[in-house]
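For reference, the structure discussed in these notes is given below.
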Amino acid sequence: PHQPGRFPVVFVHGTASSAGRWADMLNDLLSFPDIRDRFEFWFFSYETGNPIPYSAFQLRQALERAVASLDPEGQDAELRDMVIIGHSQGGLLAKMTAIDTGSRLWDGISNRPLDELRMQPETRELLQEALFIEPEPFIGRVVFIATPHRGSYLAEFSFGRFVAGLVRLPFNLLRAGGDVITNNPDAFTFDPTRTRFGSVYGMTPGSPLITGLADIPVAPDIPAHSIVAVRGDGPVEDGSDGVVRYESAHIDGVESELIVRSGHSVQANPQTVLEVRRILLLHAEEACREKGLGCAEPPGFVSQAQ
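Residue numbers for the sequence shown follow this note's numbering, beginning at 23 and rising by one.
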């Protein structure tokens with residue numbers, strides 16, 4: 023149950039995963055009184071084979087509904103200062119709560135403005151919501167863990183394509199796609215009849231979505247952090263975690279980047295947990311100093327400086 027005065031931390035899992043993948047990190051974080059007394063933990067689950075913009079739209083909708091339901095009068099300021107933590111594909115969804123896209127995502131896939139295309143009103147509304155994004159006002163910080171900002175090379179290989187072939191898109195997406203393609207066959211920068219629209223294809227390096235999304239920075243008033251997994255002890259810049267290369271997981275403009283020597287499933291790594299703890303304490307301290315939020319030190323609180 024939500025407790026007013028605590029900062030929500032929202033975990034977003036990755037491809038072919040579930041909320042259960044966060045269990046070890048959650049248990050470790052809850053063992054720290056300075057985290058347990060200041061934060062509460064939420065989890066977002068989604069069909070990871072769906073197109074990334076659609077899943078991100080569902081995430082934003084779910085968060086908006088939660089905020090409106092839990093605090094309809096807008097009295098709980100900590101509720102409106104969330105931390106979103108995403109692993110792998112979940113990091114892309116997290117980023118899409120904290121960016122201003124303008125028309126850049128749409129322009130990457132279409133050579134005509136959305137309002138010039140022929141389609142049903144519900145299709146236009148879905149495309150508008152999924153591809154024309156503004157930062158959610160209640161997002162206070164985002165954390166990316168092993169996130170393929172410029173795509174995952176695994177998506178290019180046979181296993182990734184096998185997984186993609188198992189995906190069955192929701193009926194509303196199939197209907198919307200058919201509506202757009204049938205009525206506007208020449209409106210796209212690619213051949214829509216030869217392209218799949220699931221998340222695996224969206225994360226293929228060079229795809230219009232991943233290319234456009236990588237070039238859009240996180241909003242300047244929302245701090246971002248990266249935790250990047252790299253296997254082995256070789257040069258970081260040439261490394262990967264077995265799924266995502268360092269050059270894809272690295273992005274400019276973040277407040278911090280921690281390299282963890284690990285495979286892709288790095289959530290339970292002790293270094294990862296301690297870095298998440300450090301970021302959360304930083305969030306709480308900055309919220310107190312800059313916004314006057316959560317300043318009363320609860321029993322057992324230990325400041326980051328100690």
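Heads up, the beta-carbon is just placed ideally off N, CA and C, and yes, glycines get one too.
* Asked: Which word fits residue 265, buried or exposed, when buried means at least 16 other C-beta atoms lie within 10 angstroms of its C-beta?
  -> Residue 265 should be labelled buried.
* Asked: DSSP state of residue 77, grouped into three classes?
  -> Helix.
* **Those runs of the alpha helix (DSSP H) which lie wholly inside the segment 61-129 and span at least 4 residues** => Listed in chain order, they are 74-92, 111-117.
* To do: Pull up the distance between the alpha-carbon of residue 247 and that of residue 136, whole angstroms please.
  => Rounded to whole angstroms, residue 247 to residue 136 spans 33 Å at the Cα level.
* Could you have a look at residue 247 and say whether DSSP puts it in helix, strand or coil? => It is a strand residue.
* **Beta-ladder partner(s) of residue 167, from DSSP** => For residue 167, DSSP records a beta bridge to 109, 249.
* Asked: Going by alpha carbons, who is nearest to residue 48 out of 243, 142, 95, 289?
  -> Answer by Cα proximity: 289.
* Where residue 79 falls, given that 16 or more other Cβ within 10 Å makes a residue buried -> Flag for residue 79 reads buried.
* Going by beta carbon distance, what residues of the same chain come within less than 8 Å of residue 67, once the five residues before and after it are set aside? -> Around residue 67: 35, 40, 41.
* Unbroken alpha helix (DSSP H) run spanning residue 279, endpoints -> Element bounds for residue 279: not the alpha helix (DSSP H) but the beta strand (DSSP E), 278-283.
* To do: Output the boundary residues of the beta strand (DSSP E) element that contains residue 30.
  => Here the beta strand (DSSP E) through residue 30 covers 29-34.
* Endpoints, alpha helix (DSSP H) assigned at residue 305 -> For residue 305, the enclosing alpha helix (DSSP H) has its first and last residue at 292-313.
* Asked: Going by C-alpha distance, which of 201, 110, 27 is nearest residue 262?
  -> Taking only the C-alpha atoms, the option nearest residue 262 is 110.
* To do: Helix, strand or coil for residue 273, going by three-state DSSP, please let me know.
  => If DSSP states are grouped into helix, strand and coil, residue 273 belongs with coil.
* **Rounded straight-line distance, which links the Cα of residue 296 to that of residue 304** => Each residue's alpha carbon lies about 12 Å from the other.
* **Integer-rounded CB distance, given that residue 115 should sit under 8 Å from residue 74** => About 7 Å separates the two Cβ atoms, so the contact holds.
* To do: Could you have a look at residue 131 and say whether DSSP puts it in helix, strand or coil?
  => Helix.
* To do: Name, in chain order, the residues that DSSP records as bridge partners for residue 262.
  => Per DSSP, 267.
* To do: Flag this pair as yes or no: are the beta carbons of residue 165 and residue 249 separated by less than 8 Å?
  => Taking 8 Å as the cut-off, the Cβ atoms of residue 165 and residue 249 count as close.
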